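Right, one structure below, let's go through it.
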Amino acid sequence: MNHFSLLARRRFLKNATLFGGSVVASPYILAAEPGRKFRTALIGCGWWGKNILKEAIASGRVKVVGLCDVDTHVREVAAEQVNDLNGDSPKLYNDFRDLLAKEKPELVIIATPDHWHALQTIAAVNAGAHVFVEKPTGHTVNESRAMLRAARSSGTVVQVGLHRRIGPHHVNGMKFLKSGAVGDVGMVRIFAHGGGGREKPSANMEPPQGMDWNLWCGPAPLHPFNQKLHPGGWRNFLDYGNGQLGDWGVHWLDQVLWWSEEKYPKTVFSTGGRPIAGPAVLTDRETTSDTPDHQVAVYAFEKFTCIWEHRRFADNRAEKHKIGAYFYGTKGTLHIGWRDGWTFYPADGNAATQHEDSKLQEPDGHNLTLLWADFLAAIDQGKKGVADIELAHRASVLPLLGMISWRTGRSLTWDGSKEMIVGDPEASRLLSRPYRAPWVYPEA
Amino acid sequence: MKRPTLKPIRPSGCRSTLTFLFLMGGLFIGCVGSPIRGTAQDWAFWRGPDRSGVVKGVSLTDRWPAEGPTVLWKAKVGLGFSSFAISNGRAVTLGHADEKDTVICFDAVTGQELWKHSYPAELGDKYFEGGTTGTPVIDGDGVFVLSRWGDLIRLNLGTGATEWSKNIARETGARVPDWGFGGAPLVMGKQLILNVGDAGVAVDKATGNVLWKSEASSAAYATPVSVTRGGVLHVIFGSARSYVAVAAADGKEVWRLRWLTEYGVNAADPIVQGDKIFLSTGYGKGAGLFEWKEPEPAPLWKSKVLRTQMNAAILFEDHLYGVDGDTTEKASLKCVEFATGKEKWMFAGFGSGGLLIAGGQIVALSGSGELILAPATPAGFRPTSRAQVLGGKCWTAPVIAAGRVYVRNSRGDVSCLQVGKP
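So the sequences go chain by chain: L and R. The first sequence runs 443 to 886 under the working numbering. The second sequence runs 66 to 487 under the working numbering.
Structure representation (structure tokens):
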């Protein structure tokens, strides 16, 4: 199928949905003709991007036509690995816009840092592609809104990398929770703790040879290159990520939304800082990260309170679980975790603890095989993925609001139906941010 | 414990070393520029007296008592993965604590601490616990240390005094790789050769003055390997995107082989036999055997049979013995035929440890600190003795000098064990 027929199909689908569900299925079923492989591209060929791409290749349903990364070495290594895995010889791109224009992929995997998700997802869906994009959806709230809007108007499937929506122990733990076995839940505590200490600045340096650092920074401010930032460390820099709350918090906030029948909280308050890591440094000579070393965020929902905590110091054996969610119910406490599976601690001291082990893909402890299969099933069957952009948008907004509260130092009143902060123009401005020219902030 | 009786430190310089080696019956190629060879009494440089991981002329006990080989001494050296340099009855290694790296010199027999030298250093804990990763080298009375961040120091083996010190990355403008410099220095005649920059840097070992340097782009983590061809000395470097051979005299490039490994981790040293060059790296990359051709070696075979993330395999009687797989998976120990790449045996669950071969026996330290003794043969891996000698994470290969095996873990627990026949 060429690009134009693909676009035509999207338009047909968009119209078809207006006339009801029954019409929708047929063109998608055509897409599922046996043996046909999706023209697939990856934008962001680092560690996680390749984890997703390997799932795509393992599914046997993709032909990898393009790889895009702003680092020559990274994209060339990825190309060799793809060739080893399935014999494909993808074309290599520095700029995602060239990739989309020349390869006309049907599936696009986006695993760039958060500050790129919105522009790349919007460009990909506008080019008619189905998208698998990493969490959180946006770096600011209005980017996420724009992504949702673009996805819906294109009619393509957009799946977000919230693999905990489909991980077996999450599914079963959630089933247990929703069965009423935990009783009435009035409070949820979600957290990700780890060790750490004082952070020393690292010297800024020239970016690696063959890396387009300007394009890596893209719409975000241009920082000096520093090994703390790349590879991987951008999560701990406010200009490109949103710290632990953005990286880990989104998974657990998503679990809370999955369990709850509420779509959004009424108020959000967050506090935290860097008392242990020390002050953030950014000079022309050296850099530290700038996200908090610990943070608490309180989300007041209609029927319950959710508290997020993270701490990157005082790693200890006092706390039984270091990552996950505690659902506190009248019949006991359910912990849904990571490698430690789920465990129910009954309120009745005589009742036995219940537990289910995790079933994760190692070494990185995820369930991407299942999430990728669900993405393909969504495309084949014309349905929404289990981590559809709309659910993921709602989950992603929560850490982003937490970060606005943390920055402004005050509680936010959130009108979730309009997705607006009430009565606080300063905080409201932080729902968006200025882009670095020539990039233009997407319209929500 | 007996008080240490220290032999006098032999003076540095080519002539005395030559005399010494003749006396010891060691293999020696030539004076000017040649890499110095050692004996089974010492492990003065990375991968031992022949720089191959193989030690000849020693005899190991066939079996250990149930409780394991006798522990001669134990020590703590700080966080890291640095191995040992052992010469003249002295064992030197380093570790990290409290924002400093510390070089420690022990009496090799008794473990008595003789001197220490510290310098400020970052922990560098990106995706691992951090600490020191490079291994010192001893040449005569000189101890050479290259830190992850480019500190290059010559210490006196006898006293620990600093003879000269500089930051070689700052001086040459070379890029510090993502995980810092990891290759051990290589002494060749008057030169100290370092895997710094795209294809190495040479300094005068007496003064530290730079003799030649390469482009500033990133080095990888392998130790430079010396090769003599047609009477000309060469050095092969693991660079970020290739392995590169240069003339030792001036650093002029003679060949370059594109070798892309994830994150630029070309960490395993190349293995050269005759005109054959063996390469292997991790992160799923695999191995290849190449024929020495300039300006680019020609492939003989390529395979995923051996994917060496860190410690290079050991070539012994036409077979490679090494670790296949990354720290993030269940790495195994394998025997692979050098000429063909054919797997002869595989020992699962070994982990990211290391090994040496002495007196025809494999002495392997598993990733979790089990010391294993087994005949080095392609016929199979049949351990004759096994003993849990360390806990924690053991990514550092064991070394042997005068029948004593030295092991460490990442926390810096060091153990010296009697493995040779007393």
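Yeah, the Cβ is synthetic: ideal placement off N, Cα and C, and Gly gets one too. Fair warning: this is a prediction, and the values are worked out from it, not measured in the lab.
Would residue i and residue j be called neighbours here (beta carbons separated by less than 9 Å)?
i: VAL678(L); j: ASP726(L); result: The question names Val, but residue 678(L) in the sequence shown is Asn. It is not a contact, given that the beta carbons lie outside the stated cut-off.
i: ALA742(L); j: VAL710(L); result: yes
i: GLY675(L); j: LYS191(R); result: yes
i: VAL550(L); j: ILE485(L); result: yes
i: PHE149(R); j: THR104(R); result: no
i: ILE422(R); j: PHE381(R); result: yes
i: PRO60(R); j: ALA429(R); result: Because chain R spans 66 through 487 in this model, residue 60(R) falls outside it and cannot be assessed.
i: ARG219(R); j: TRP244(R); result: no
i: GLY64(R); j: TRP277(R); result: For chain R, the structure presents residues 66 to 487; residue 64(R) sits outside this window and is missing.
i: ALA483(L); j: GLY502(L); result: no
i: ALA131(R); j: HIS161(R); result: no
i: PHE415(R); j: ALA444(R); result: no
i: ASP204(R); j: LEU257(R); result: yes
i: CYS170(R); j: GLY207(R); result: no
i: SER117(R); j: ILE336(R); result: yes
i: TRP814(L); j: GLU497(L); result: yes
i: ALA267(R); j: GLY303(R); result: no
i: ARG321(R); j: PRO364(R); result: no
Ignore the nearest five residues each way along the sequence and tell me which others in residue i's own chain have a CB closer than 6 Å to its CB.
i: ARG473(R); result: THR461 and VAL479
i: THR747(L); result: MET629
i: GLY766(L); result: HIS777, ILE778 and GLY779
i: PRO73(R); result: Low confidence applies to PRO73(R): its pLDDT is 43, below 50, so where it sits in the model is not reliable enough to give any reading.
i: GLN601(L); result: PHE574, PHE817, GLY827 and ALA829
i: TRP111(R); result: THR200, ALA249 and THR288
i: PHE446(R); result: TRP410, PHE412 and ALA439
i: TRP658(L); result: VAL512
i: ALA140(R); result: GLY176 and VAL479
i: HIS557(L); result: HIS581, ALA662 and TYR682
i: VAL740(L); result: PHE711 and ILE749
i: GLU798(L); result: HIS611, ASN614, GLY783 and TRP784
Under 7 Å Cβ to Cβ from residue i, same chain only, skipping five residues before and after it: list those, please.
i: ASP107(R); result: PRO114, ILE151, SER152 and ALA466
i: ARG591(L); result: ALA886
i: GLU194(R); result: LEU144 and SER475
i: ALA820(L); result: VAL599, GLN601, LYS826 and GLY827
i: ALA404(R); result: ASP383
Can you list, in chain order, the residues of its chain whose CB lies under 8 Å from that of residue i, leaving out five sequence neighbours each side?
i: THR135(R); result: LEU482 and GLN483
i: GLU728(L); result: PRO643, SER644, ALA645, ASN646 and ASN668
i: ALA281(R); result: THR237, GLY238, ALA239, ARG240, GLY262 and ASP263
i: LEU125(R); result: ALA423, GLY424, GLN426, VAL428, LEU438, GLY468, VAL484, GLY485 and LYS486
i: ALA234(R); result: TRP214, GLY215, ARG240, VAL241, PHE246 and VAL261
i: MET89(R); result: Interpretation of MET89(R) is limited by its pLDDT of 36, a score under 50 that renders its predicted location unreliable; no figure is taken from the coordinates.
i: GLU868(L); result: THR850
i: HIS299(R); result: SER291, VAL292, THR293, ALA310, VAL311, ALA312, ALA313 and VAL319
Can you give me, in chain order, the residues of the region 827-860 of chain L that have a beta carbon less than 9 Å from any beta carbon in chain R?
none
Check whether the region 860-875 of chain L and the region 559-568 of chain L are in contact - that is, three or more C-beta pairs closer than 8 Å.
no
Could you say if the region 798-811 of chain L and the region 696-703 of chain L meet the contact criterion of at least three C-beta pairs nearer than 8 Å?
no
Using 8 Å as the Cβ pair cut-off and three pairs as the minimum, do the region 828-838 of chain L and the region 567-581 of chain L touch?
yes
Give, in chain order, every residue of the region 376-405 of chain R whose Cβ lies closer than 7 Å to some Cβ of chain L.
THR393 and GLU394
Any 3 or more C-beta pairs closer than 8 Å across the region 504-524 of chain L and the region 325-333 of chain R
yes
Quick one: which residues of the region 240-251 of chain R get their C-beta closer than 8 Å to a C-beta of chain L? List them in chain order.
ARG240, VAL241 and ASP243
Specify whether the region 650-669 of chain L and the region 521-531 of chain L touch according to this definition: at least 3 beta carbon pairs, one from each stretch, less than 8 Å apart.
no
Three Cβ pairs or more, each shorter than 8 Å: is that satisfied between the region 594-611 of chain L and the region 629-640 of chain L?
no
Counting only runs of 4+ residues fully inside the region 657-713 of chain L, write out the alpha helix (DSSP H) ranges in chain order.
692-701
For the region 320-338 of chain R, which residues have a beta carbon sitting closer than 8 Å to at least one beta carbon of chain L?
LEU325, THR326, GLU327, TYR328 and GLY329
Note down, in chain order, all residues in the region 345-368 of chain R with a beta-carbon under 7 Å from any beta-carbon belonging to chain L.
GLY349
According to a CB-to-CB cut-off of less than 7 Å, which residues of the region 597-617 of chain L neighbour chain R?
none
Closer than 8 Å between beta carbons: that is the criterion. Which residues of the region 631-653 of chain L meet it against chain R?
LYS642, SER644, MET647, GLU648, PRO650 and GLN651
Output needed in chain order: residues of the region 502-515 of chain L with a Cβ under 8 Å from some Cβ in chain R.
HIS515
Listed in chain order, which residues of the region 787-819 of chain L have Cβ atoms closer than 9 Å to some Cβ of chain R?
GLU804, PRO805 and ASP806
Sequence ranges, alpha helix (DSSP H) only - wholly within the region 828-855 of chain L, length at least 4:
831-850
The region 515-537 of chain L: positions lying closer than 7 Å to chain R by Cβ
HIS515, GLU518, VAL519, GLU522 and GLN523
Taking only runs that begin and end inside the region 280-325 of chain R, name each unbroken beta strand (DSSP E) of 3 or more residues, in chain order.
290-294, 297-303, 307-312 and 318-323
Just list the beta strand (DSSP E) runs in the region 390-450 of chain R, keeping only unbroken ones of 3 residues or longer that don't cross its boundaries, in chain order.
397-402, 408-412, 419-423, 426-430 and 435-440
Which parts of the region 763-842 of chain L are runs of the alpha helix (DSSP H), unbroken and 4 residues or longer, counting only runs that do not cross its ends?
810-823
Curious, which full-length alpha helix (DSSP H) runs of at least 4 residues does the region 542-585 of chain L contain?
556-568
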